[in-house]
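Residue numbers (the working numbering): 6 to 104.
The structure under discussion appears below in the form of structure tokens.
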Amino acid sequence: MSTGGVWHKFERRPAMTLVYIPPTAEKVAQMRFFIDERFADVGDCSFTTMRSVAHDALDHLLAGRLLAANVGLTKLGPEGARDVRNEFCRLGIELEPAP
């Protein structure tokens with residue numbers, strides 16, 4: 006399970022070593038921009054709480070707290086969670102849905 010980066014296998018004799026490479030700052034910035042745009046205020050309707058929840062979920066994901074990230078995404082509702090997961094996937098940030 007990954008927290009948004011990539012696991013690379015480096016072969017060493019006699020064992021393999023796994024090295025975790027976190028997502029780039031550019032990918033994280035793109036994700037934060039997406040969250041701000043997706044949950045932008047519309048007229049008199051404020052989405053400040055949803056933006057905050059989505060940013061918190063991303064912070065949990067980057068810190069390796071996958072359960073907390075999944076809980077945060079479920080608070081966004083089915084459509085919001087789906088959109089954020091799809092954007093994670095598009096940027097190569099992996100997060101498996103909670104069972």
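Glycine included, C-beta positions come from ideal geometry on N, C-alpha and C.
Keep in mind it's a predicted model, so treat the numbers as computed, not measured.
On a Cα-Cα basis, can you pick out the residue from the options that is closest to residue i?
i, options, result
"L71", "D41, L100, Q35 and T29", "L100"
"G85", "F39, L67 and G48", "F39"
"E74", "S51, A34 and I98", "Looking at the sequence provided, one finds Ala at residue 74 rather than Glu. When each option's Cα is compared against that of A74, the closest is I98."
Looking at the strands, I want to know which residues DSSP matches up with residue i.
i, result
"V47", "C50"
Once the 5 residues before and after residue i are set aside, which same chain residues still bring their CB inside 8 Å of it?
i, result
"R37", "H60 and L63"
"D46", "F52 and T53"
Residue i to residue j, Cα distance in whole Å?
i, j, result
"D88", "D49", "23 Å"
"V58", "G82", "11 Å"
"A30", "E92", "16 Å"
"K32", "G69", "16 Å"
"P28", "V76", "21 Å"
"I65", "Q35", "In the sequence as displayed, the identity of residue 65 is His instead of Ile. About 17 Å."
"C94", "T79", "17 Å"
On the three-state DSSP scale, how would you describe residue i?
i, result
"I40", "helix"
"L96", "coil"
"L81", "coil"
"R90", "helix"
"E101", "coil"
Sorted by chain position, which residues of the same chain lie with C-beta nearer than 7 Å to residue i's C-beta, five sequence neighbours on each side aside?
i, result
"R56", "I40, D41 and F44"
"L96", "K32, Q35 and M36"
Ignore the nearest five residues each way along the sequence and tell me which others in residue i's own chain have a CB closer than 6 Å to its CB.
i, result
"R130", "Absent from the model: residue 130. The displayed extent of the chain is 6 to 104, so no value can be given."
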